[in-house]
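Q: Got a structure for you, written out below as structure tokens; questions coming shortly.
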Amino acid sequence: MLNIISGLIQPSEGEVLFDGKRVNELSPRDRNIAQVFQFPVIYDSMTVYENLAFPLKNNKVPASRIKVRVQEIAEVLEIEDKLHKKARNLTADEKQKVSMGRGLVREDVSAILFDEPLTVIDPQLKWKLRRKLKQIHEQFDITMVYVTHDQLEASTFADKIAVMYDGQVVQFGTPTELFEAPNHTFVGYFIGSPGMNIVEVERCSGGVCFGSTVLPLESWQVDILKRMTSGNLKVGIRPEFIEVSPISSDDTYEANVRDIEDLGTYKIVTVELGEQELKVRQNEEFDASIDSPIHLSFPKQWLMLYVDEFLVQEQQ
Amino acid sequence: MSLTLENLSRSVDGVDYIQGANLTFEAGSFNVLLGRTLAGKTSMMRLMAGLDKPSRGRLLYKGEDVTGQNVQRRNISMIYQQFINYPTLTVYENIASPLRLAKMSKSEIDRRVKETASMLRIESLLKRYPLELSGGQQQRTAMARALVKDATLVLFDEPLVNLDYKLREELRAELRDLFRERQCIAVYATTEANEALALGGTTTLLHEGGVVQTGPVMDVYRAPVNTLAAQLFSEPPMNMIRGRVTDTEVTFDEYSHHALTQELEKLPPGDYWFGIRPSHIALVPANDDDLEISMEVALSEISGSETFMHVENSHFEMVMQLMGVHQYHTGAPVKVYLPINKLFVFDNDEQLVHTPSRVAGGAV
Amino acid sequence: MRQTRAKNVGITLFILLLLTPVYWLLNMSFKTNQEILGGLTLWPQTFTFDNYAVIFTDPSWYNGYLNSMLYVSINVVITLSVALPAAYAFSRYKFLGDKHLFFWLLSNRMAPPAVFLLPFFQLYSSIGLFDTHIAVALAHCLFNVPLAVWILEGFMKGVPREYDEMAYIDGYSFPRFFIKVFLPMIRSGIGVTAFFAFMFSWVELLLARTLTSVDAQPIGAIMTRTIGASGIDWGVLAAAGVLTIIPGLLVIWFVRNHVAKGFALGRV
Amino acid sequence: MIAWMNWTPTVVVFFVVIAMILAVMTVYEIVSPCTERKGFLPIETTRGDRLFIGLLSAAYINLTFLAVSDITLWVALAVSVAWLLVLLRWG
Amino acid sequence: MEKIPNNRAWWLVLPVFLLVAFSALIPLMTVVNYSVQDIFGPGQAYYVGTEWFKEVLADERLQDSLIRQFVFSGFVLLIQIPLGIGVALMMPKSGVKGSLCLILIAIPLLIPWNVVGTIWQIFARGDIGLFGWGINQLGIDYNYTGDTLDAWLTVLLMDVWHWTPLVALLCYSGLRAIPEAFYQAAEIDRASKWAVFRYIQLPRLKSVLIIAVLLRFMDSFMIYIEPFVLTGGGPGSSTTFLSQTLTTMAIGQFDLGRAAAFSLIYFLIVLLISWLFFTAITHADKEK
């Protein structure tokens with residue numbers, strides 16, 4: 023995908039548009055983009071300064087401007103004291119900073135593409151670099167495309183995230199949308215830790231059911247369901263949105279606590295509702311004993327209905 | 004049946020890798036070594052495995068000195084960060100290889116390979132070669148090979164680092180279940196605090212070759228012995244604030260004054276470090292005596308189901324961890340609330356002097 | 052795209068130039084001596100296999116090939132069997148004098164055989180190995196073993212030590228691990244090393260000629276016999292030359308897929 | 003068996019001395035292993051490296067004396083030994 | 016990779032050590048013995064001290080062949096290294112064409128050295144060789160058996176033909192080891208072809224090039240068989256290189272003492288140069 027945007031690979035179908043212009047046939051050098059790779063790609067015989075100046079020189083930027091620009095980027099990336107070191111003697115994360123710097127240094131780029139750039143970085147440093155990138159993004163205001171399998175990384179920078187599944191974009195939305203209304207069961211599973219509870223269900227009167235449990239649905243959902251023929255029905259609800267109360271009431275379901283995982287800041291409770299296992303996320307003060315009953319409720323606005331893996335949405 | 008490290012040290016060419024470690028691992032226990040890169044986790048595991056010889060100290064197994072014993076004669080297995088499998092053997096042969104070397108009967112080998120493979124859900128891959136598999140499958144193969152021989156000591160050296168986070172979540176959960184019933188000693192090294200919490204068992208914090216703290220995971224988490232332990236075992240790192248306690252009030256960074264209440268009254272006057280976990284800072288007050296501070300948003304990071312918000316003002320810089328997705332723009336003013344009853348207090352030597360009662364016991 | 056074409060033209064041209072002298076040899080080997088000496092012809096006018104027939108029927112000719120192949124094979128076997136464990140030691144362990152030993156080995160690769168000719172002759176004569184295949188094979192070890200250790204060490208360094216440890220933990224003994232697990236992992240390194248050992252042993256003549264007289268005489272030495280009373284027998288000489296190229300071609304065909312990697316001696 | 007090697011006392015002494023130096027260095031190395039260090043030579047060296055450099059330069063010193071002067075080689079030898087010691091100590 | 020200190024590794028090295036010591040040390044000791052004696056025949060030898068060395072160092076014939084040798088090796092490197100790099104850059108990156116190129120280019124390397132000499136002996140002759148005939152047809156008077164310069168150029172050309180493939184193949188494998196990402200990055204940075212070569216390919220070829228230079232220097236330094244077959248060292252002694260001078264001295268004239276003394280000086284030169292190269296290589300390895 024990234025390589026199609028940058029032009030390193032030709033798409034077999036469809037168009038790539040930059041600012042509305044078709045660029046399919048343009049080679050990467052004519053597309054005005056920068057790319058940062060998974061592993062630091064640096065010119066190791068040059069100094070850090072020369073590395074950063076390289077794309078500018080190739081673009082015939084005047085020498086005085088190069089100097090200013092390199093200094094600027096080096097400051098942002100906090101490598102200004104290393105400018106005159108040979109690039110090969112840097113540590114892995116410094117190298118990656120340099121290679122990011124080479125992407126950022128050009129002022130005329132229409133987009134910067136990142137291909138999992140933080141894979142090689144130590145977890146402690148990832149925090150810092152992520153923050154740095156976010157700041158850079160806000161400071162320079164350019165289009166960035168970021169590829170990652172790490173959801174935290176994804177949502178840190180992104181205004182919008184495209185979730186890819188099987189070579190297809192299944193949802194393109196803000197982090198909030200991805201979290202609150204995942205468009206596809208894969209998005210539900212992939213975004214969030216733990217992922218969404220997804221349960222296979224069947225049609226029942228007024229809603230759907232699994233085992234002996236009946237889940238009532240909104241009327242518009244029922245309407246849509248009537249028009250659909252597919253039998254592949256699923257409902258999803260995020261562990262965060264399942265409510266727990268100690269007492270039974272009309273809209274609660276009795277479930278059995280199987281396991282409680284204490285993760286310090288929160289707890290993940292595994293419960294059994296009929297035959298179905300569900301994960302419930304509770305804060306650290308939650309307490310219950312294993313094999314004891316608790317009462318769950320599923321707020322309707324968080325209960326998502328999926329037909330053929332895709333979300334059923336209310337028509338406007 | 005336990006493994007004891009007695010004043011174990013290792014140094015090569017004047018560089019100390021492990022300094023006088025004293026630890027005991029019980030059979031059937033799951034132990035996590037938590038520390039940053041180069042904290043000595045791998046060195047310690049290699050000493051325990053017998054791959055390296057300690058410069059000083061002894062290694063006792065069931066009370067017997069096994070310090071110099073050959074690796075082949077110990078019944079251990081190890082799983083590496085890289086996916087190490089025999090590339091020239093099929094998955095089946097990979098898993099079978101320790102058993103073949105133990106001269107087990109063919110049918111017994113077949114039974115155990117199949118059993119272990121199905122436990123790790125790779126039974127459909129047995130005829131393939133490791134390099135044809137995905138990273139997760141390769142690591143499952145490595146685990147199967149380690150588990151198939153019923154080792155008395157199983158060592159994991161950051162086995163999940165190179166996998167993506169959903170797979171990590173899955174395998175972590177499987178691991179916990181796999182070891183629940185086993186009578187072996189499992190030792191697991193990781194750099195991530197969350198992983199240690201998710202795996203449970205006993206946690207040992209390592210830093211620069213030394214043991215900082217050891218104990219059941221929740222004990223260590225709730226009562227870190229010093230600021231170092233608190234920082235190591237908190238992700239994002241615990242927020243630290245300088246403060247002074249006088250007879251009547253506590254002052255944070257000579258800026259925010261607060262009347263002494265509750266447990267803090269017991270502290271003798273003086274300078275302290277106050278620590279608060281990112282998850283305990285809130286945007287809404289939970290108690291009347293919560294400390295209110297006006298800050299500005301520096302960055303808000305959203306991880307699927309939670310938000311890490313970096314806030315700052317001229318005096319403080321803090322990270323807070325919020326449930327759910329919250330989008331704030333950089334520079335937006337916010338009021339944050341620090342619950343006084345969840346503050347950890349460390350003295351000037353950075354030793355823990357006060358554990359917040361609200362957090363220590365767990366239950367409300 | 053224009054650039055690719057320029058490159059293709061360039062490389063084709065280079066290969067053509069490279070092959071012309073070889074073609075000329077081939078061309079001559081199918082000519083009669085009259086035609087060779089009679090004037091320049093670009094291809095054989097009277098195509099003949101006679102020159103080859105001479106070589107294949109005369110035992111003193113074809114024995115030369117057999118001798119060469121025999122000592123080269125012995126050399127490859129010896130080289131590999133001693134170099135493998137040594138390269139393993141160099142790639143895995145630090146030991147007393149390792150660097151100096153390594154350099155000393157390499158310096159033998161660089162020592163000109165001319166320096167050693169006479170002592171070699173006397174050494175092998177004194178232990179009764181003169182004019183045997185094994186003598187030539189051993190002598191060629193002088194430069195092949197250091198090279199083999201060097202190449203193999205490069206390849207072995209590329210195998211993470213975790214593999215060794217895992218095998219020990221699994222219960223492998225060292226020899227078993229080495230043969231069953233380790234060697235298959237560096238197959239291509241071994242292939243390339245064998246190729247280099249073959250090549251340098253096959254093309255070397257100075258030592259081979261000095262250490263043999265009749266029984267183990269290499270083909271290269273026999274070729275000088277084409278100078279008879281009536282001058283040089285060019286046709287037979289060319290045919291003999293062509294035949295010396297063939298074994299090399301076969302060997303490189305077998306290892307062609309590993310060669311690119313191996314030519315860097317595992318050191319890139 | 004070794005008659006063809008034409009041994010002479012001088013050469014025997016020469017090789018015995020070399021062998022002894024190597025043996026002494028080996029024992030020394032076992033007793034107290036040395037680490038790389040940087041002296042006046044442009045590269046980091048170990049004790050063994052310095053010995054090698056010393057021996058090689060000793061050979062060149064002797065050859066130079068032979069080539070350009072008629073002074074007895076004992077002088078060249080003395081210079082070489084002095085140079086070797088300097089190298090080992092400060093190189 | 017961190018190496019483990021373990022002196023028992025010596026057992027693994029021992030076979031190599033013994034084998035090479037047998038082939039290298041005993042002859043070396045013998046040569047040292049010869050170099051201090053005047054030998055007339057078996058059992059007839061007189062101790063002469065350092066006389067041979069003194070003579071050899073003053074011998075103009077030897078000095079000449081030494082200088083000739085350095086000039087020759089210099090030219091060999093000057094031509095073959097750039098040419099080899101150029102060929103490597105032109106070779107197809109992979110596929111059937113790639114391996115075909117590889118095999119064809121490797122052919123000269125696999126030809127026994129005396130056959131190489133023979134091939135060129137024929138090829139360069141004015142009457143029956145394509146090359147010599149062609150040059151003569153162009154109106155240039157060329158005769159490698161008679162003219163010093165022609166002989167020189169022919170030997171050089173033969174060496175270029177014979178050994179450039181080695182340099183090319185070394186560089187080719189070096190180039191293949193450069194990850195694709197570097198080219199992509201350069202493409203995106205809009206680097207010119209020259210910049211790609213100068214800043215990506217050349218720096219990454221460094222370690223292979225050191226090996227190439229080392230091997231080429233050493234092998235050209237001990238070149239013997241090929242010029243011997245081609246020109247016999249002539250005309251005069253214009254193409255008589257070190258090894259040949261030495262071999263003639265030791266075997267042809269049975270001047271053992273002088274030859275031995277000369278061998279030792281020769282050996283010392285080689286030792287010094289190879290040490291310099293070796294140090295360069297190990298330092299290049301370390302930097303990585």
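Residue numbers (the numbering used here), protein chains in the order written: chain A, 23 to 338; chain B, 4 to 367; chain C, 52 to 319; chain D, 3 to 93; chain E, 16 to 303.
Here a beta-carbon is modelled for each residue, glycine too, at the ideal position from N, C-alpha and C.
Because the structure is a prediction, the values reported are computed rather than measured.
1. Please confirm whether residue 230 of chain C has its beta-carbon closer than 8 Å to some beta-carbon of chain E.
2. Per DSSP, what kind of secondary structure is residue 274 of chain B in: helix, strand or coil?
3. Across which residues does DSSP place residue 290 of chain A in a beta bridge pair?
4. May I ask you to list, following chain order, the residues of the region 68–84 of chain A that have a beta carbon less than 7 Å from some beta carbon of chain E?
5. When burial is assigned at 16 or more other CB atoms within 10 Å of the CB, is residue 253 of chain C buried or exposed?
6. Please state if the CB of residue 341 of chain B and the CB of residue 284 of chain B are separated by a distance shorter than 8 Å.
7. Can you tell me whether residue 366 of chain B is helix, strand or coil according to DSSP?
8. Could you please give the first and the last residue of the uninterrupted alpha helix (DSSP H) stretch that includes residue 150 of chain B?
9. Return the first residue and the last residue of the alpha helix (DSSP H) that residue 89 of chain A is part of.
10. Determine, using beta-carbon pairs with one atom in the region 52–66 of chain B and one in the region 170–184 of chain C, whether at least three such pairs fall under 8 Å.
11. Whole angstroms are fine: how far does the CA of residue 207 of chain B sit from the CA of residue 153 of chain B?
12. Measure from the alpha carbon of residue 98 of chain C to the alpha carbon of each residue in C/84, C/190, C/107, then state which is nearest.
13. Taking residue 328 of chain B as the reference, which of B/196, B/345, B/149, B/304 has the closest Cα?
14. Under a three-way DSSP split, which group does residue 247 of chain E fall into?
15. In the DSSP assignment, the beta strand (DSSP E) including residue 57 of chain A goes from what residue to what residue?
16. Helix or strand or just coil, what does DSSP make of residue 46 of chain B?
17. Under 8 Å by Cβ, that's how I've got residue 138 of chain A and residue 169 of chain A pegged, so tell me the actual separation to the nearest angstrom.
18. What residue from B/218, B/164, B/192 has the CA that sits closest to residue 157 of chain B's CA?
19. Under DSSP, the beta strand (DSSP E) around residue 108 of chain C begins and ends at which residues?
20. List in chain order: all unbroken alpha helix (DSSP H) runs of 4+ residues lying wholly within the region 57–136 of chain B.
21. Could you tell me the distance, in whole angstroms, from the CA atom of residue 42 of chain D to the CA atom of residue 88 of chain D?
22. If you follow the alpha helix (DSSP H) that residue 161 of chain C is in, where does it begin and where does it stop?
23. Using a Cβ-Cβ cutoff of less than 8 Å, which residues in the same chain neighbour residue 34 of chain B once the five nearest sequence positions on both sides are dropped?
24. Residues in its own chain within less than 8 Å of residue 46 of chain D by CB, not counting five upstream and five downstream?
25. Of all the options E/167, E/137, E/114, E/286, which has the alpha carbon lying nearest to the alpha carbon of residue 84 of chain E?
26. Tell me whether residue 34 of chain E is buried or exposed, calling it buried when 16 or more other Cβ atoms sit within 10 Å of its Cβ.
27. Quick check on residue 18 of chain E - is its C-beta less than 8 Å from some C-beta in chain C?
28. Going along chain B, which residues have a C-beta under 7 Å from residue 198 of chain A?
29. Give me, in chain order, the residues of the same chain whose beta-carbon lies closer than 7 Å to that of residue 297 of chain E; leave out the 5 immediate sequence neighbours on both sides.
30. Beta strand (DSSP E) containing residue 18 of chain B: first to last residue?
31. Say whether chain A places a C-beta atom closer than 8 Å to the C-beta of residue 358 of chain B.
32. In whole angstroms, give me the CA-to-CA distance for residue 109 of chain A and residue 167 of chain A.
33. Where DSSP assigns a beta bridge to residue 245 of chain B, which residues make up the other side?
34. Can you pull the chain C residues whose beta carbon is under 7 Å from the beta carbon of residue 100 of chain B, in chain order?
35. Along chain C, which residues have their Cβ under 8 Å away from the Cβ of residue 50 of chain D?
36. Taking Cβ positions, are residue 224 of chain B and residue 286 of chain A nearer each other than 8 Å?
A: With the structure as the only source:
1. Residue contact with chain E for residue 230 of chain C: absent (no Cβ-Cβ distance below 8 Å to any residue of chain E).
2. Residue 274 of chain B falls in the strand class under three-state DSSP.
3. Residue pairing from DSSP places residue 290 of chain A in a beta bridge opposite A/283, A/303.
4. Answer set for the region 68–84 of chain A: 68, 76, 77, 80, 81.
5. Residue environment for residue 253 of chain C: buried (at least 16 other C-beta atoms within 10 angstroms of its C-beta).
6. Yes. Within cutoff.
7. Any reading at residue 366 of chain B must be qualified, since the residue scores a pLDDT of 36, below 50, and its modelled position is unreliable; the value itself is stated next. If DSSP states are grouped into helix, strand and coil, residue 366 of chain B belongs with coil.
8. Residue 150 of chain B -> alpha helix (DSSP H) spans 138–150.
9. For residue 89 of chain A, the uninterrupted alpha helix (DSSP H) segment begins and ends at 85–98.
10. No, the region 52–66 of chain B does not touch the region 170–184 of chain C.
11. Take the alpha-carbon of residue 153 of chain B and the one of residue 207 of chain B: they are about 24 Å apart.
12. With distances taken between Cα atoms, residue 98 of chain C lies closest to C/84.
13. The shortest C-alpha separation from residue 328 of chain B is found at B/304.
14. The three-state reading of DSSP puts residue 247 of chain E in coil, since its state is none of H, G, I, E or B.
15. Here the beta strand (DSSP E) through residue 57 of chain A covers 55–58.
16. In the three-state DSSP reduction, residue 46 of chain B falls in the helix class (H, G or I).
17. About 6 Å separates the beta carbon of residue 138 of chain A from that of residue 169 of chain A, a gap short enough to meet the 8 Å contact definition.
18. Out of B/218, B/164, B/192, B/192 has the C-alpha closest to the C-alpha of residue 157 of chain B.
19. Run containing residue 108 of chain C: none in the beta strand (DSSP E); it sits in the alpha helix (DSSP H), 101–108.
20. For the alpha helix (DSSP H) assignment, the uninterrupted runs of no fewer than 4 residues enclosed by the region 57–136 of chain B are, from N- to C-terminal side, 94–104, 109–122.
21. If you take the alpha carbons of residue 42 of chain D and residue 88 of chain D, they lie about 10 Å apart.
22. Here the alpha helix (DSSP H) through residue 161 of chain C covers 149–161.
23. Within the same chain, residue 34 of chain B has close Cβ partners 28, 188, 189, 190, 191, 204, 205, 206, 207.
24. These residues qualify, in order along the chain: 38, 39, 40.
25. Selected option, being the one with the closest Cα: E/167.
26. By the neighbour-count rule (16 or more Cβ atoms within 10 Å), residue 34 of chain E is buried.
27. Yes, its Cβ sits closer than 8 Å to a Cβ of chain C.
28. Within chain B, the residues near residue 198 of chain A are 328, 330.
29. Within the same chain, residue 297 of chain E has no close Cβ partners at all.
30. From DSSP, the beta strand (DSSP E) with residue 18 of chain B extends over 18–29.
31. For residue 358 of chain B, the answer is no, since every Cβ of chain A falls outside 8 Å of its Cβ.
32. Taking the straight line joining both Cα atoms gives about 26 Å.
33. Under DSSP, the beta-bridge partners assigned to residue 245 of chain B are B/276.
34. Listed by position along chain C, the residues whose Cβ is nearer than 7 Å to that of residue 100 of chain B are 221.
35. Correct list: 148, 150, 151.
36. Yes, the pair counts as a contact, with Cβ atoms nearer than the cut-off.
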